[in-house]
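Mapping of the sequence shown onto my numbering: residues 1 to 718, in sequence order. For each residue, glycine too, the CB sits at the ideal point set by N, CA and C. Read through the structure below, which is laid out as structure tokens, and then see the notes.
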Amino acid sequence: MAHGVSYRWRNVRIEGGGYVSGLVFHPAVRGLIYARTDVGGAYRWDRARARWIPLTDWIGAKDENLLGIESLALDSADPQRLYLAAGTYTTSQAGDAAVLRSHDQGRHFERTDLPFKLGGNELGRGNGERLAVDPNDGRILFLGSPDAGLWRSDDYGAHWAKVDSFPAVATSPSASARNTWRTQPIGIVFVVFDPASGRHGTPTPVLYAGVSTRQTSLFRSVDGGRHWSAVPGQPVGLRPSHMHRATDGNYYLSYGDEPGPDTMNDGAVWRWQPSSDHWTDITPLHGNGKPPGFGWGDVAVDPSDPKMLIASTHHHYTPHDLLFRSTDRGAHWTEVFAHSVFDHSGAAWTVGHAPHWMTTVAIDPFDPDHVMFVTGYGIWASRDMRRLDLGAKVHWWFQDRGLEETVPLGLISPPQGAHLLSAIGDLDGFRHDDLAVAPLQFQAPPRYANSESIDYAGQRPTLIVRSGYLREPFGPAVRAAWSDDDGRHWQAFASEPPDGDGAGSIALTADGSAVLWAPRHARHVYITRDFGRHWQTVQGLPGTVDVVGDRVDPRRLAAFDPHTGALFASHDGGVTFGPIRGRLGAAAQGHDHVQLQAAPDAAGVLYLAARDLPLLRGDDAGNVQQRFADLTGVDAFGFGRPAQGRHESTLFVAGRLDGHQGIFRSVDDDGHWQRINDTAHRYGRITHLVGDPRVFGRVYLATSGRGIVYGEPMETAP
1 MAHGVSYRWR NVRIEGGGYV SGLVFHPAVR GLIYARTDVG GAYRWDRARA RWIPLTDWIG
61 AKDENLLGIE SLALDSADPQ RLYLAAGTYT TSQAGDAAVL RSHDQGRHFE RTDLPFKLGG
121 NELGRGNGER LAVDPNDGRI LFLGSPDAGL WRSDDYGAHW AKVDSFPAVA TSPSASARNT
181 WRTQPIGIVF VVFDPASGRH GTPTPVLYAG VSTRQTSLFR SVDGGRHWSA VPGQPVGLRP
241 SHMHRATDGN YYLSYGDEPG PDTMNDGAVW RWQPSSDHWT DITPLHGNGK PPGFGWGDVA
301 VDPSDPKMLI ASTHHHYTPH DLLFRSTDRG AHWTEVFAHS VFDHSGAAWT VGHAPHWMTT
361 VAIDPFDPDH VMFVTGYGIW ASRDMRRLDL GAKVHWWFQD RGLEETVPLG LISPPQGAHL
421 LSAIGDLDGF RHDDLAVAPL QFQAPPRYAN SESIDYAGQR PTLIVRSGYL REPFGPAVRA
481 AWSDDDGRHW QAFASEPPDG DGAGSIALTA DGSAVLWAPR HARHVYITRD FGRHWQTVQG
541 LPGTVDVVGD RVDPRRLAAF DPHTGALFAS HDGGVTFGPI RGRLGAAAQG HDHVQLQAAP
601 DAAGVLYLAA RDLPLLRGDD AGNVQQRFAD LTGVDAFGFG RPAQGRHEST LFVAGRLDGH
661 QGIFRSVDDD GHWQRINDTA HRYGRITHLV GDPRVFGRVY LATSGRGIVY GEPMETAP
């Protein structure tokens with residue numbers, strides 16, 4: 001195993017940037033809040049430092065599926081206990097789910113694997129909570145699954161057994177939903193106990209479970225979960241998403257025609273009185289029930305005042321989703337945002353991002369002025385909600401310090417200008433002048449939903465290009481852009497190639513005289529020497545390749561098919577390509593997740609890797625100069641500043657060294673490796689990696705939902 005070097009790991013600050021799918025306040029401890037995300041793990045709010053603390057960075061590449069947190073649960077009698085229902089996808093390729101159990105508020109976890117899958121990044125992920133702890137007997141937990149029914153644990157989540165008596169509708173086709181790609185199981189979306197029905201130290205007899213179906217959906221048990229029956233008089237025709245108990249014994253439920261968050265065109269908010277089995281429709285605003293309509297994301301109850309409610313719309317995109325507040329159990333409502341001010345100073349990029357996917361609203365049990373709601377890009381919070389009662393403005397701030405959930409799709413660290421530029425899923429991308437400051441997005445237009453590829457010219461590093469795509473077909477918008485001032489200002493290409501669908505791989509020659517673009521779904525790769533005024537078809541390349549510009553010689557470029565391992569090279573500035581043969585070309589054939597990079601300081605030198613290959617150094621003639629055989633698989637690699645007294649670039653690798661997963665560096669050409677991360681800093685699977693060419697030892701990591709992480713040696717980290 002490689003000798004270790006101590007590193008300090010931090011996020012490049014963006015704040016938020018992804019869907020926070022749930023929030024839970026602890027009912028007995030002031031300031032103890034947890035957040036779950038669909039792809040970025042879970043967080044605990046640090047009240048003293050006013051920032052979120054990530055709790056799941058210890059999860060590595062092998063278990064990356066556990067970074068989608070489908071549900072979280074707290075023990076109301078023991079604030080040290082935390083439970084996470086972890087599992088990102090229900091597809092056949094995804095691993096089974098697990099319950100992660102903590103005795104110290106998420107500082108350490110124990111794991112119990114489950115015999116089914118969870119969909120922390122699938123439809124219905126904003127519903128909840130599926131996982132619940134008995135408030136009178138903390139040994140007992142219930143978990144509603146997407147397609148395996150209801151499950152129970154009697155030993156603090158260590159072991160689980162299926163509740164066979166739960167109604168079969170939970171696993172029926174009606175408890176599923178379809179998005180663009182496939183039909184997904186949704187199943188049981190919440191479990192709620194009635195604490196007043198029992199006494200401390202014994203199991204709570206009355207509890208409820210909601211199934212995401214338009215049929216009968218709410219079920220009750222009066223014997224601690226052994227037997228279940230439908231609650232009488234309940235509404236049908238819509239799917240429940242949340243259920244909350246008020247201290248006066250009333251229950252409040254939000255409904256939608258779909259589970260969300262992708263779409264919802266109808267919905268309602270209901271109040272139910274168990275003592276009389278009386279249901280009351282208290283929906284603040286009714287839509288027409290047809291596309292483009294809207295439903296309801298959540299309805300929260302003030303734990304200190306059962307009359308005070310806050311409800312959120314879902315999919316009300318014109319002009320944005322809305323928040324309504326009632327002080328009389330839903331008899332009358334006031335729209336909150338019409339009387340609100342939003343402070344964007346902590347994360348200036350949020351200007352122009354309207355609230356949406358507001359599937360959780362939470363009210364602080366110790367402070368009714370402190371209200372939080374989630375969005376598809378982070379958390380907003382207020383500390384003065386009751387100003388609304390005085391006719392004054394409610395103030396909101398972006399409560400996301402420490403919560404980083406972007407999905408970077410590309411990173412570059414040029415030798416001049418900003419140390420880092422990023423291509424980001426859903427947020428286009430950023431120029432990071434100061435790693436500790438949340439920057440503005442790339443200047444628009446153009447503004448992309450995703451920037452998917454970004455590159456700079458090796459000998460003219462202030463020239464940068466990027467490609468992306470737009471979520472909506474905004475007329476003739478061109479989906480590639482260029483900047484000649486280090487990403488400060490951008491200009492769209494004059495046109496797109498004659499076929500393709502934007503995004504895809506884009507690369508510059510070393511001198512910046514030509515751009516090669518392989519758009520999505522294109523049959524060919526194209527070259528332009530005037531930023532899209534004229535396009536020429538590149539000869540010898542299929543449209544499925546990624547293109548790599550040599551950093552030194554403008555006549556040289558390479559290309560590779562990441563799914564077949566086919567390699568190509570050009571020696572005429574990208575006009576024509578031919579196959580790379582020899583040992584280097586043969587090494588990649590038939591492999592998936594292939595990566596190819598040009599050396600930063602030598603013409604024609606290429607590095608080749610894959611998840612099931614060692615790292616190879618060779619040239620564009622197909623010769624292999626070095627095989628790093630102790631690297632048995634590579635997820636990502638890149639180059640950084642040479643160590644003092646050496647001329648060769650530092651090589652960074654995320655992958656397996658002698659079978660051990662980690663992040664490693666080598667400062668020499670002989671492949672002597674040093675591990676630079678530890679078991680607390682794994683970040684799931686690293687998808688991209690670049691070293692800083694100006695700061696020795698610094699490396700930037702692209703994660704699959706924890707944003708951009710950078711590491712520096714302890715002896716140099718400030």
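Any idea what DSSP makes of residue 11, helix, strand or coil?
-> Against the sequence shown, residue 11 aligns to sequence position 11. Residue 11 falls in the strand class under three-state DSSP.
So is residue 179 buried or exposed if we call it buried at 16+ other beta carbons inside 10 Å?
-> Counted from its first residue, the sequence shown places residue 179 at position 179. Flag for residue 179 reads exposed.
Flag this pair as yes or no: are the beta carbons of residue 88 and residue 120 separated by less than 7 Å?
-> Along the sequence shown, read from residue 1 onward, the residue named residue 88 stands at position 88. Along the sequence shown, read from residue 1 onward, the residue named residue 120 stands at position 120. Contact annotation: residue 88 and residue 120 have beta-carbon atoms nearer than 7 Å.
Could you check what DSSP says for residue 716 in three-state terms: helix, strand or coil?
-> To locate residue 716, count along the sequence shown from 1; it is residue 716. It is coil, neither helix nor strand.
Going by alpha carbons, who is nearest to residue 706 out of 681, 714, 692?
-> The sequence position of residue 706 within the sequence shown is 706, counting from 1. Closest option to residue 706, Cα to Cα, is 681.
What runs of the beta strand (DSSP E), each 3 residues or longer, lie entirely inside the region 109 to 176?
-> 110 to 113, 131 to 133, 141 to 144, 150 to 153
Can you grab the Cα-Cα spacing for the pair residue 540 / residue 424, in whole Å?
-> As a working note, residue 540 is residue 540 in the sequence shown. As a working note, residue 424 is residue 424 in the sequence shown. Approximately 31 Å, taken between the alpha carbons.
C-beta atoms of residue 719 and residue 714 nearer than 7 Å = Residue 719 falls outside the range modelled here, since the chain spans only 1 to 718, and no answer is possible.
Near residue 393, what residues of its chain come up, given a Cβ to Cβ distance below 7 Å and the 5 sequence neighbours on each side ignored?
-> Indexing the sequence shown from 1 puts residue 393 at position 393. Once the five neighbours on either side are set aside, the close Cβ partners of residue 393 are 339, 340, 341, 387.
Ordered list of alpha helix (DSSP H) runs contained in the region 567 to 644, each at least 4 residues | 582 to 588
Range of the contiguous beta strand (DSSP E) that encloses residue 325 | As a first step, residue 325 is located in the sequence shown; it is residue number 325 there, counting from the start. Residues 323 to 326.
Alpha helix (DSSP H) runs contained entirely in the region 217 to 260, provided each spans 4 or more residues = none
Based on Cα-Cα distance, which residue from 464, 413, 585 lies nearest to residue 710?
-> By one-based count along the sequence shown, residue 710 stands at place 710. Residue 710 has its Cα closest to that of 413, out of 464, 413, 585.
Excluding the 5 residues preceding and the 5 following residue 114 in the sequence, name in chain order all residues of the same chain whose CB lies nearer than 7 Å to its CB.
-> Position 114 of the sequence shown holds residue 114. For residue 114, where only same-chain residues beyond five positions count, the Cβ hits under 7 Å are 96, 97, 98, 99, 160.
Top-ranked residue by Cα proximity to residue 40, from 20, 11, 504 = Mapped onto the sequence shown, residue 40 falls at position 40. Ranking 20, 11, 504 by Cα distance to residue 40 puts 20 first.
Range of the contiguous beta strand (DSSP E) that encloses residue 699 | As a position in the sequence shown, residue 699 is number 699, starting the count at 1. Per DSSP, residue 699 belongs to the beta strand (DSSP E) from 699 to 702.
Quick one: Cα of residue 559 to Cα of residue 351, how far?
-> What you label residue 559 is simply residue 559 of the sequence shown in a count that begins at 1. What you label residue 351 is simply residue 351 of the sequence shown in a count that begins at 1. Straight-line Cα distance between these residues: approximately 38 Å.
Residue burial classification, residue 649 (beta-carbon count within 10 angstroms, cutoff 16) = The sequence position of residue 649 within the sequence shown is 649, counting from 1. So residue 649 counts as buried.
Round the Cβ separation of residue 252 and residue 309 to the nearest angstrom and send it over; I've been treating them as touching at under 8 Å.
-> Position 252 of the sequence shown, counted from the start, is the residue given in the question as residue 252. Position 309 of the sequence shown, counted from the start, is the residue given in the question as residue 309. Their Cβ separation, rounded to whole angstroms, is 6 Å, which keeps residue 252 and residue 309 in contact under 8 Å.
Tell me the start and end of each unbroken beta strand (DSSP E) in the region 342 to 373 that is at least 3 residues and wholly inside, in chain order.
-> 361 to 364
Contacts around residue 571, its chain only, beta-carbon distance under 7 Å, and the 5 residues preceding and following it disregarded = Counting from 1 along the sequence shown, the entry for residue 571 is found at position 571. The answer, listed in chain order, is 555, 556.
Going by the C-beta, is residue 23 closer than 6 Å to any heavy atom of the ligand SAH?
-> Of ligands this structure carries none, so the ligand SAH is not represented either.
Secondary structure at residue 284, three-state DSSP: helix, strand or coil?
-> Stepping through the sequence shown from its first residue, residue 284 is reached at position 284. Here residue 284 sits in coil by DSSP.
Would residue 117 be called buried (16 or more neighbouring beta carbons within 10 Å of its own) or exposed?
-> By 1-based counting over the sequence shown, the position of residue 117 is 117. Classification for residue 117: buried.
Cα separation between residue 226 and residue 163?
-> Here residue 226 is taken as the residue at index 226 of the sequence shown, counted from 1. Here residue 163 is taken as the residue at index 163 of the sequence shown, counted from 1. Roughly 7 Å between the two C-alpha positions.
Near residue 154, what residues of its chain come up, given a Cβ to Cβ distance below 7 Å and the 5 sequence neighbours on each side ignored?
-> What you label residue 154 is simply residue 154 of the sequence shown in a count that begins at 1. Taken in chain order, the residues that qualify are 139, 140.
What residues are listed by DSSP as bridge partners for residue 675?
-> Sequence index remark: in the sequence shown, residue 675 carries index 675 (1-based). In DSSP, residue 675 forms a bridge with 4, 664.
Would you mind sorting residue 641 into buried or exposed? The rule is 16 or more other CB atoms within 10 Å of its CB.
-> Working through the sequence shown from its first residue, we reach residue 641 at position 641. With 16 or more Cβ atoms within 10 Å of its Cβ, residue 641 is classed as buried.
Going by DSSP, what residues sit across from residue 432 in a beta bridge?
-> Along the sequence shown, read from residue 1 onward, the residue named residue 432 stands at position 432. According to DSSP, which records beta bridges pairwise, residue 432 is partnered with 420.
Cα separation between residue 187 and residue 210?
-> Translated into the one-based positions of the sequence shown, residue 187 becomes position 187. Translated into the one-based positions of the sequence shown, residue 210 becomes position 210. Residue 187 and residue 210: Cα-Cα distance of roughly 9 Å.
As assigned by DSSP and simplified to three states, the class of residue 395 | As a first step, residue 395 must be located in the sequence shown, where it is residue number 395. In this structure, residue 395 counts as strand in the three-state DSSP scheme.
Which residues bound the beta strand (DSSP E) around residue 688?
-> For the purposes of this step, residue 688 is taken as the residue at position 688 of the sequence shown. It spans 688 to 691 - the beta strand (DSSP E) in which residue 688 sits, taken as one unbroken run.
Using 10 angstroms around the beta-carbon of residue 777, count the other beta-carbons present and answer buried if the total reaches 16, otherwise exposed.
-> Past the edges of the chain, shown from 1 to 718, lies residue 777, and the structure says nothing about it.
Member of 55, 274, 30, 62 whose CA lies at the smallest distance from the CA of residue 48 | Here residue 48 refers to the residue found at position 48 when the sequence shown is read from its first residue. When only C-alpha atoms are compared, the closest one is 30.
Answer with buried or exposed for residue 217, where buried requires no fewer than 16 other C-beta atoms within 10 angstroms of its C-beta.
-> By one-based count along the sequence shown, residue 217 stands at place 217. Buried.
Candidates 563, 578, 619, 93, of which the one nearest residue 584 by Cα | The residue labelled residue 584 in the question sits at position 584 within the sequence shown. Checked all of 563, 578, 619, 93; the closest Cα to residue 584 is 619.
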